[in-house]
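Trainee: In the working numbering, the protein residues as written are 13 to 473. Beta carbons are placed, not taken as given, at the ideal position from N, Cα and C, and that holds for glycine. I am attaching a structure below and will ask some questions about it afterwards.
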Amino acid sequence: MKGDKDVSNYCRFDSELLTVFTSSLYIAGLVATLFASSVTRRFGRRTSILIGGTVFVIGSVFGGAAVNVYMLLLNRILLGVGLGFTNQSIPLYLSEMAPPQYRGAINNGFELCISIGILIANLINYGVEKIAGGWGWRISLSLAAVPAAFLTVGAIYLPETPSFIIQRRGGSNNVDEARLLLQRLRGTTRVQKELDDLVSATRTTTTGRPFRTILRRKYRPQLVIALLVPFFNQVTGINVINFYAPVMFRTIGLKESASLMSAVVTRVCATAANVVAMVVVDRFGRRKLFLVGGVQMILSQAMVGAVLAAKFQEHGGMEKEYAYLVLVIMCVFVAGFAWSWGPLTYLVPTEICPLEIRSAGQSVVIAVIFFVTFLIGQTFLAMLCHLKFGTFFLFGGWVCVMTLFVYFFLPETKQLPMEQMEQVWRTHWFWKRIVDEDAAGEQPREEAAGTIALSSTSTTT
């Protein structure tokens with residue numbers, strides 16, 4: 013923190029060390045998620061979860077035992093690697109295990125658990141801040157090993173998904189294994205249609221080069237959404253709230269203890285909104301949540317910017333009443349995010365991607381999240397210093413853009429089996445032009461290939 017009284021309030025926390033420490037986790041996660049895609053595709057979703065959990069535990073040990081800043085950076089890097097593997101594999105696992113009618117709610121449970129974890133971390137930080145002797149931060153970093161250990165041990169007992177059993181292992185015996193697993197998961201023996209869809213999807217799967225496959229024109233809608241949805245997720249400014257909330261609230265005049273508690277309050281609001289999302293996502297659909305949440309975030313960002321412009325000066329304090337007003341508006345903002353763009357960023361890309369590109373598509377999503385989070389983490393404090401209250405209007409402008417994107421280009425996918433998702437693009441006003449043109453172009457190629465094969469067979473004969 014810069015203590016000079018001549019320094020603008022907006023620039024008081026513009027620290028290069030703070031931004032590097034914060035952002036190192038995300039660049040490590042970006043690199044890790046690219047490797048995680050191959051591991052998930054070749055060795056299974058459970059293997060990636062196990063690797064991620066193990067690395068989390070190791071990283072937590074380095075954090076708690078750190079004796080210098082380099083060990084702390086190593087802690088952040090290892091946690092980033094763990095995030096790269098788990099964020100790539102867990103949403104995929106949940107989507108493939110869930111029945112279509114409950115897929116949204118079950119996948120949203122991932123975001124709910126993240127939100128609960130952040131809330132617990134904020135409460136721990138609030139508690140250990142009062143410990144004398146400088147041991148509080150060691151306790152905070154070490155305790156990350158507890159949920160990581162539960163994740164690692166629990167993953168040992170998880171079954172693989174039916175999709176992976178059929179895709180990777182093949183053979184009639186494994187189709188029977190997938191059938192038995194589906195019967196256990198669905199609680200009924202009437203799973204033949206779902207099994208047939210999985211087998212059919214597996215037969216058309218091109219597993220050798222999924223990143224090359226996803227670039228084909230027929231997968232253009234999935235690729236665009238896998239790129240833009242996580243990008244838009246991050247330019248809402250949500251991670252500014254997640255890892256700079258205490259700094260922001262101290263900037264506007266709250267004391268350190270009050271600023272930590274304010275971060276707890278915003279996270280309570282987010283967690284409550286996550287629960288709401290789980291209840292309504294399969295009833296009202298993805299589009300409505302995206303649109304309502306977008307409008308809510310636009311208004312919130314505009315109001316925060318307006319309050320700061322009117323009541324927060326570059327020097328001196330801010331009246332406590334207005335500081336708490338900003339806190340209330342921030343709660344409205346994080347609630348809007350938590351029942352829309354937060355959980356749906358992980359759900360929608362996994363459910364729209366067919367099996368042959370599903371792992372690659374999820375890797376694209378997580379890589380974009382980590383890359384944009386890294387950029388925002390590196391630039392936000394400097395941006396706040398230079399743009400001041402205009403920073404929040406900038407984020408609000410991005411939310412306007414992404415809300416319009418959803419309105420025009422994102423179709424509804426609720427309760428539709430993942431293996432039948434292709435029909436969504438063929439009936440959409442924009443995407444049908446692309447996928448239909450590709451299908452028309454592929455048919456002559458397939459016929460030509462068949463003619464060549466037949467000719468070759470005749471010649472051989």
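Looking at the secondary structure, which residues open and close the alpha helix (DSSP H) in which ARG299 lies?
Mentor: From DSSP, the alpha helix (DSSP H) with ARG299 extends over 298-323.
Trainee: Tell me the DSSP secondary structure of GLY76 in three-state form.
Mentor: Three-state DSSP puts GLY76 in a helix.
Trainee: Whole angstroms are fine: how far does the CA of ILE70 sit from the CA of THR472?
Mentor: In this prediction, THR472 scores a pLDDT of 39, lower than 50, which makes its location untrustworthy; the coordinate-derived value is nonetheless stated afterwards. Distance between the alpha carbons of THR472 and ILE70: 60 angstroms.
Trainee: Taking 8 angstroms as the cut-off, does the segment 270-288 touch the segment 367-379 (at least 3 CB pairs, one atom from each stretch)?
Mentor: No, the segment 367-379 is not in contact with the segment 270-288.
Trainee: At which residue ranges does the segment 75-163 contain complete alpha helix (DSSP H) runs of 4 or more residues, listed in the order of the chain?
Mentor: Counting only runs of 4 or more, we get 81-109, 115-140 and 148-154.
Trainee: With DSSP collapsed to three states, give me the class of ARG202.
Mentor: Correct three-state label for ARG202: coil.
Trainee: So, using beta-carbon positions, are GLY76 and ARG150 closer together than 7 angstroms?
Mentor: Yes, Cβ-Cβ distance for GLY76 and ARG150 is below 7 angstroms.
Trainee: Can SER36 and LEU85 be called in contact, C-beta distance under 7 angstroms?
Mentor: Their beta carbons are under 7 angstroms apart, which means SER36 touches LEU85 by this criterion.
Trainee: Quick one: is MET414 buried, meaning 16 or more other Cβ sit within 10 Å of its Cβ, or exposed?
Mentor: Answer is buried; the Cβ neighbour count reaches 16.
Trainee: How big is the Cα-Cα spacing for ALA133 and GLY148?
Mentor: Cα-Cα distance, rounded: 12 angstroms.
Trainee: Just reading off the alpha helix (DSSP H) that CYS343 is part of, what are its end residues?
Mentor: Looking at the DSSP string, the run of the alpha helix (DSSP H) that includes CYS343 is 332-350.
Trainee: Quick check on GLU478: does DSSP put it in helix, strand or coil?
Mentor: As displayed, the chain neither begins before 13 nor continues past 473, which places residue 478 out of reach and without an answer.
Trainee: What residue range is occupied by the uninterrupted alpha helix (DSSP H) comprising GLU424?
Mentor: Segment: none, GLU424 is in no alpha helix (DSSP H) and carries neither H nor E.
Trainee: Please confirm whether MET475 and ALA110 have their CB atoms less than 7 angstroms apart.
Mentor: Absent from the model: residue 475. The displayed extent of the chain is 13 to 473, so no value can be given.
Trainee: Under the three-state reduction of DSSP, which class applies to THR218: helix, strand or coil?
Mentor: Residue placement at THR218 is poorly supported in this model, since its pLDDT is 49, which falls under 50; the coordinates still yield a value, given next. Of the three classes helix, strand and coil, the one that applies to THR218 here is coil, per DSSP.
Trainee: Taking C-alpha atoms, which residue in LEU192, LEU356 and GLY389 lies nearest to PHE33?
Mentor: Looking at the Cα atoms, GLY389 is the closest of the given residues.
Trainee: What distance in whole Å lies between the Cβ atoms of PRO174 and PRO429, which are believed to be in contact at a cut-off of 8 angstroms?
Mentor: Contact flag wrong, Cβ pair sits at about 13 angstroms.
Trainee: Classify MET273 as helix, strand or coil using the three-state DSSP reduction.
Mentor: Note: MET273 maps to helix in three-state DSSP.
Trainee: Under the three-state reduction of DSSP, which class applies to MET433: helix, strand or coil?
Mentor: Here MET433 sits in coil by DSSP.
Trainee: On a Cα-Cα basis, can you pick out the residue from ASN137, SER312 and ILE178 that is closest to PHE405?
Mentor: With distances taken between Cα atoms, PHE405 lies closest to SER312.
Trainee: Comparing C-alpha positions only, which one of LEU155, GLY96, GLY146 and PRO233 sits nearest to GLU363?
Mentor: Closest option to GLU363, Cα to Cα, is PRO233.
Trainee: Report the three-state DSSP secondary structure of PHE442 (helix, strand or coil).
Mentor: Correct three-state label for PHE442: coil.
Trainee: When the Cα of PHE392 is compared with those of THR225, TRP443, VAL252 and THR66, which residue comes out closest?
Mentor: Closest option to PHE392, Cα to Cα, is VAL252.
Trainee: Taking the alpha helix (DSSP H) that PHE244 falls in, what are its first and last residues?
Mentor: Its alpha helix (DSSP H) spans residues 232-247.
Trainee: In chain order, what residues of the same chain have a beta carbon less than 8 angstroms from the beta carbon of VAL418, not counting five sequence neighbours either side?
Mentor: Excluding residues within five positions, the ones whose Cβ falls inside 8 angstroms are ARG299, PHE302, LEU303 and GLY306.
Trainee: The alpha helix (DSSP H) spanning PHE382 covers which residue range?
Mentor: PHE382 -> alpha helix (DSSP H) spans 367-399.
Trainee: Would you mind reading off the limits of the alpha helix (DSSP H) that contains GLY354?
Mentor: Unbroken alpha helix (DSSP H) run through GLY354: 353-364.
Trainee: Measuring CB to CB, does VAL293 end up less than 7 angstroms from ASN120?
Mentor: Yes, Cβ-Cβ distance for VAL293 and ASN120 is below 7 angstroms.
Trainee: Secondary structure at ILE70, three-state DSSP: helix, strand or coil?
Mentor: Helix, per DSSP.
Trainee: Below 8 angstroms, can you find three or more Cβ-Cβ pairs linking the segment 337-354 to the segment 154-168?
Mentor: Touching, no, given that fewer than three Cβ pairs across the two stretches are closer than 8 angstroms.
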